[in-house]
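This report concerns only the one structure given below.
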Amino acid sequence: MLPLLNFFKKHKSDAFFGVTFNSSSINLVLFKDGYPIHYVQENLTSGVVLDGRVVDKEHFVQSLNVCVERILSQLPEENPKEIFFGVGGNNCVGNTTTARQKLDPQEKIGKNILVGVYKEIEQNGLDGALEETYQTTGNRDAQLETILNETTSIKLDNQVVYNPLGQSGELLEIQVFNAYCVPTYIDALEDIARGLKMGLGGVFPLSYLLFKKLKSKLGANYDATHLSIHSDFTDISVVFGGNLAKNKTLPLGTTSLEKDLDFWMDGLELTFLEFSGVKTFANNVYVCGSGLERTDFWEMLEWREWEEKIPFKTKPIFTKLDAGFVDLPQEYKGDLLISGLLGICKELV
Amino acid sequence: MQRISLEIYTSALEAVNIITDIVDHKVELSIPAGSVLLDNILNLKIILAQAKKVGKEVDFVTDDEFGKNLIDILRGEKDEVVVGESMVKSNPARLPIALKLPSMRFPVTRLPKIALDFRKLGLVIPVAIVLMVVLGFLFLSRQHKAEVTLYFSPQVLTKSVGVKVGDGLKTDLDKKVLAGLKIAGSIDRSLTSASTGIELEGEKAKGKVTLYNSILEAVIVKKGTQLTYKTKDLLYVYTTQEEVTVPAGVNTLAIITKGTAEVSVMAEAIGSAYNIKKDKELSVKGYKSSELTASSAEDFKGGSSKEVKVVTQADLTKLEQDLIAYVLKSPANALKTRVLAGYALVDKSERVTSKNVVLNNKVGDKKDQFGGSITAQVEGLSYSRNELADFMGKLSQNVVPQGFEFHSYNKDLQVDILGNTEKTVLSPTEADLQVTFKFFITPKINKQKVFDKIAGLSVEDAVNELDKISDITRTELNLKPNFLFFKKVPTKESAVDIQIKIEE
Numbered sequence: 106m107l108p109l110l111n112f113f114k115k116h117k118s119d120a121f122f123g124v125t126f127n128s129s130s131i132n133l134v135l136f137k138d139g140y141p142i143h144y145v146q147e148n149l150t151s152g153v154v155l156d157g158r159v160v161d162k163e164h165f166v167q168s169l170n171v172c173v174e175r176i177l178s179q180l181p182e183e184n185p186k187e188i189f190f191g192v193g194g195n196n197c198v199g200n201t202t203t204a205r206q207k208l209d210p211q212e213k214i215g216k217n218i219l220v221g222v223y224k225e226i227e228q229n230g231l232d233g234a235l236e237e238t239y240q241t242t243g244n245r246d247a248q249l250e251t252i253l254n255e256t257t258s259i260k261l262d263n264q265v266v267y268n269p270l271g272q273s274g275e276l277l278e279i280q281v282f283n284a285y286c287v288p289t290y291i292d293a294l295e296d297i298a299r300g301l302k303m304g305l306g307g308v309f310p311l312s313y314l315l316f317k318k319l320k321s322k323l324g325a326n327y328d329a330t331h332l333s334i335h336s337d338f339t340d341i342s343v344v345f346g347g348n349l350a351k352n353k354t355l356p357l358g359t360t361s362l363e364k365d366l367d368f369w370m371d372g373l374e375l376t377f378l379e380f381s382g383v384k385t386f387a388n389n390v391y392v393c394g395s396g397l398e399r400t401d402f403w404e405m406l407e408w409r410e411w412e413e414k415i416p417f418k419t420k421p422i423f424t425k426l427d428a429g430f431v432d433l434p435q436e437y438k439g440d441l442l443i444s445g446l447l448g449i450c451k452e453l454v
Numbered sequence: 201m202q203r204i205s206l207e208i209y210t211s212a213l214e215a216v217n218i219i220t221d222i223v224d225h226k227v228e229l230s231i232p233a234g235s236v237l238l239d240n241i242l243n244l245k246i247i248l249a250q251a252k253k254v255g256k257e258v259d260f261v262t263d264d265e266f267g268k269n270l271i272d273i274l275r276g277e278k279d280e281v282v283v284g285e286s287m288v289k290s291n292p293a294r295l296p297i298a299l300k301l302p303s304m305r306f307p308v309t310r311l312p313k314i315a316l317d318f319r320k321l322g323l324v325i326p327v328a329i330v331l332m333v334v335l336g337f338l339f340l341s342r343q344h345k346a347e348v349t350l351y352f353s354p355q356v357l358t359k360s361v362g363v364k365v366g367d368g369l370k371t372d373l374d375k376k377v378l379a380g381l382k383i384a385g386s387i388d389r390s391l392t393s394a395s396t397g398i399e400l401e402g403e404k405a406k407g408k409v410t411l412y413n414s415i416l417e418a419v420i421v422k423k424g425t426q427l428t429y430k431t432k433d434l435l436y437v438y439t440t441q442e443e444v445t446v447p448a449g450v451n452t453l454a455i456i457t458k459g460t461a462e463v464s465v466m467a468e469a470i471g472s473a474y475n476i477k478k479d480k481e482l483s484v485k486g487y488k489s490s491e492l493t494a495s496s497a498e499d500f501k502g503g504s505s506k507e508v509k510v511v512t513q514a515d516l517t518k519l520e521q522d523l524i525a526y527v528l529k530s531p532a533n534a535l536k537t538r539v540l541a542g543y544a545l546v547d548k549s550e551r552v553t554s555k556n557v558v559l560n561n562k563v564g565d566k567k568d569q570f571g572g573s574i575t576a577q578v579e580g581l582s583y584s585r586n587e588l589a590d591f592m593g594k595l596s597q598n599v600v601p602q603g604f605e606f607h608s609y610n611k612d613l614q615v616d617i618l619g620n621t622e623k624t625v626l627s628p629t630e631a632d633l634q635v636t637f638k639f640f641i642t643p644k645i646n647k648q649k650v651f652d653k654i655a656g657l658s659v660e661d662a663v664n665e666l667d668k669i670s671d672i673t674r675t676e677l678n679l680k681p682n683f684l685f686f687k688k689v690p691t692k693e694s695a696v697d698i699q700i701k702i703e704e
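These protein sequence lines map, in sequence, to chains A and B.
Position one of the first sequence corresponds to residue 106 (the numbering used here), numbered consecutively onward.
Position one of the second sequence corresponds to residue 201 (the numbering used here), numbered consecutively onward.
Structure, rendered in structure tokens:
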């Protein structure tokens, strides 16, 4: 609970590794002061990673170690001690939970009230994530462990406040983004970090990192739809009023897209229809990830009449996110662009 | 309705392709437990939607526990009310979580008021002290516990059993059958080799000869007539390039003046050796040298030759054999990357199911190097190492000798194939294996009897009693607390914790 309250924690400025992986490759980026200074991409033997889960830890550590050594041989003066993993797809469940608490206007808000509200958020967030897991995988007895909880908004009587402690009002509203993984998944990543003789800095949902980055560029109240196309899956996020409202994962990624573009498009349409509780989708659709070089991909995105079945406000406009848009060097493209987003994860720790 | 059994790694796209190819419009898809399709309900929804597009109706069946839940969810959604064309579902449980928390009240525990009468303190204090001592004794009695640890050395038993592994078979301990997984892969191999054939190529020498006719009548030398230049060991043959008439020789005072004519000739074969100098004598085929002879009228030029490498039939046959030999020598290479993590390939279960050899050259190609490639499809049988270890672990529990109990098993198993015989098989779908495994057993200890022996004894006596147990290596006995009245083993059974430990 206490980390939730550490809004004003000071951040150390040092080098750290960020890594993303899929069934065919690893991307490792070395960050310094949140900015990428070197990267390495390494192919993986088939069967080492399946559906975003590391199934052959020994082999994975070997490959990742090769990446680490390649980077450090170029930058021997750096001595990173932490590694952060970016995860997506079904391996990570995220939700935004809002709690509203009526207050006695005569009393000042104390730590006890905040602790109570956060406890409710924690429980409701977990319940929501477990329900989402059940609806997606059919596993009613899943166990989940928190990997991230970030307070996204605190309002007192509908006014944004940064620290409600000691203030008074009638209605306190707190919004928190929570993300979870199954404990075995985190254990595996911890083992991998240990295998590299590093500390596990954290495990972060890539869709949330993208949201955070775009929020800093597009403003605090932006509306958008994000598509992050990974090798094995596609993450779809709905941002409304500057909040990451919903996420869904289409279990088809670049591999499927390259085999049968129509099939992938149909899958995407079906996934949009799966968003319950979303009345309208923002027509600004930001697309990033791999497989975007195909010109027919963009043609089909433009030609398809999405708004016939999906409640887009108007005909969607698809924009490819390039490195410049997310403050990365130009060579950061495809999967690597998504890996580059891990630069902001230290701000979230 | 046609029933199709999918493989564990069949993707949604592959499943849709299978459905599309089926003639029946109703299809039942049997999804194996652990299938990748069951990782996300959207896989099933995508299959349903795509099948509907091609006019097919799909039903799912599975043994997977979570998969069954997914199928139930799908069936439940079919019954949901669809409003208009929007398809937006109205399930309040899945709306964004927006909490309106009730204002919280914390109950306050009220403590009873204690009224102290200081006049009675003189009596109260000793009573309280006695009460505290009694309560303390009672508390400590309840805490009085003995921890007994009996150490044994495990005895190793080695067993060897025959196990049948088969793709599509279900693990059955009684029948000694283990579920296997058929895997497939391909080998692509290219080879290049040096051509062994040698061919000469070059130009034929050309020149002019003067024909000398000693016969007293004209001779017509036809085009293509062979002229031969002879050295010590070799013959060089040339042919005339046109027809020529050599005038008759003239006999004057017993001296015959030969009739002469010039004609162009060309060597029959290539080579610089045919570049003969001027004035070399040649014989004309069909004529005696006393009748018609020839002499090179100039230095012959243009003859040249060099050796070039050519591909021979033997080369191609050897390359094809080498490519096939490579595939047959190590078909397991094709499956190395296909074996799932935690699985092992059954040794020599691999079979080459098809092979296609492509030779890049043909006989006679003038190439120093030639090449070809082979693509072969290979199938093999794999099994889960963990499942086999667990299987043997369970099996070993059934063969523990009387008076002992199972302790643990060694996960390092020795797996030998039995090959193809009258009674055993070895193929990509089924294999008989001989699995040798070790497990550890310990003497069966009746904890009740141990307790009866030591209850109420001092530590020293209890240890002496424990040391009498057969096969025991050492004992440990700890009392908590261990002072005053608590220096003996408790007589209450639940207060004595007897642990059996194995020192390996």
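The C-beta atom is built at its ideal place from N, Cα and C for all residues, glycine as well.
C-alpha distance - residue i paired with residue j, whole-angstrom precision
| i | j | result |
| --- | --- | --- |
| I246/B | G372/A | 6 Å |
| I669/B | G191/A | 58 Å |
| G271/A | K213/A | 5 Å |
| G324/A | N240/B | 33 Å |
| N254/A | G429/A | 28 Å |
| Q280/A | D161/A | 38 Å |
| V558/B | G152/A | 30 Å |
| N348/A | N326/A | 8 Å |
| E443/B | V421/B | 6 Å |
| I291/A | V308/A | 8 Å |
| L416/B | D565/B | 54 Å |
| Q699/B | I188/A | 42 Å |
For residue i, the first and last residue of its enclosing alpha helix (DSSP H)
| i | result |
| --- | --- |
| R203/B | From DSSP, R203/B is part of no alpha helix (DSSP H) but of the beta strand (DSSP E) over Q202 to S205. |
| T241/A | K216 to T242 |
| M405/A | T400 to W408 |
| R299/A | P288 to G300 |
| E452/A | C450 to L453 |
Residue i - containing beta strand (DSSP E), residue span
| i | result |
| --- | --- |
| D616/B | Q614 to I617 |
| T376/A | Taken as a continuous stretch (DSSP letters only), T376/A belongs to no beta strand (DSSP E), being part of the alpha helix (DSSP H) at L366 to E379. |
| N678/B | I672 to K680 |
| C393/A | N389 to G394 |
| M466/B | G459 to I470 |
Residue closest to residue i, alpha-carbon to alpha-carbon, out of the options
| i | options | result |
| --- | --- | --- |
| K529/B | L519/B, E550/B and L516/B | E550/B |
| S489/B | S658/B, Y429/B, L633/B and I219/B | Y429/B |
| A473/B | K653/B, I574/B, K567/B and Y436/B | Y436/B |
| S505/B | A467/B, T537/B, R342/B and K256/B | A467/B |
| D388/B | T493/B, V334/B and V552/B | V552/B |
| T512/B | R538/B, T621/B, I476/B and K562/B | K562/B |
| G397/B | V333/B, V508/B, L369/B and V361/B | V508/B |
| K376/B | L677/B, G486/B and D632/B | D632/B |
| L332/A | Y313/A, K322/A and S321/A | Y313/A |
| G300/A | V171/A, I415/A and Q206/A | V171/A |
Beta-carbon proximity list for residue i, same chain, < 7 Å, skipping 5 on both sides
| i | result |
| --- | --- |
| L244/B | L237, F260, L270 and L274 |
| F380/A | V343, K351 and K353 |
| T241/A | N195 |
| P210/A | S273, G274 and E275 |
Beta-carbon proximity list for residue i, same chain, < 8 Å, skipping 5 on both sides
| i | result |
| --- | --- |
| H344/B | L679, K680, P681, F686, P690 and A695 |
| A120/A | L135, F136, K137, I142, E183, N184 and P185 |
> In the stretch 286-300 of chain A, which residues sit with their C-beta less than 7 Å from some C-beta in chain B, listed in chain order?
Replying inline: none
>> Which residues of the stretch 234-250 of chain B have a Cβ closer than 8 Å to any Cβ of chain A? Give them in chain order.
In response: V236, L238, D239, N240, I241, L242, N243, K245, I246, A249 and Q250
> Which residues, in chain order, does the stretch 539-553 of chain B contribute to contact with chain A at a C-beta distance below 8 Å?
Replying inline: V539, L540, A541 and G542
>> Can you pull out the residues from the stretch 356-379 of chain A whose beta carbon lies closer than 8 Å to at least one beta carbon of chain B?
In response: P356, L357, S361, K364, D365, F368, D371, G372, L375, T376, L378 and E379
> What residues in the stretch 369-384 of chain B bring their beta carbon closer than 9 Å to a beta carbon of chain A?
Replying inline: none
> At a Cβ cut of 9 Å, what residues of the stretch 264-276 of chain A count as close to chain B, listed as they run along the chain?
Replying inline: none
> Quick one, which residues of the stretch 205-216 of chain A are near chain B if we go by CB-CB under 9 Å, in chain order?
Replying inline: R205, Q206, K207, L208 and D209
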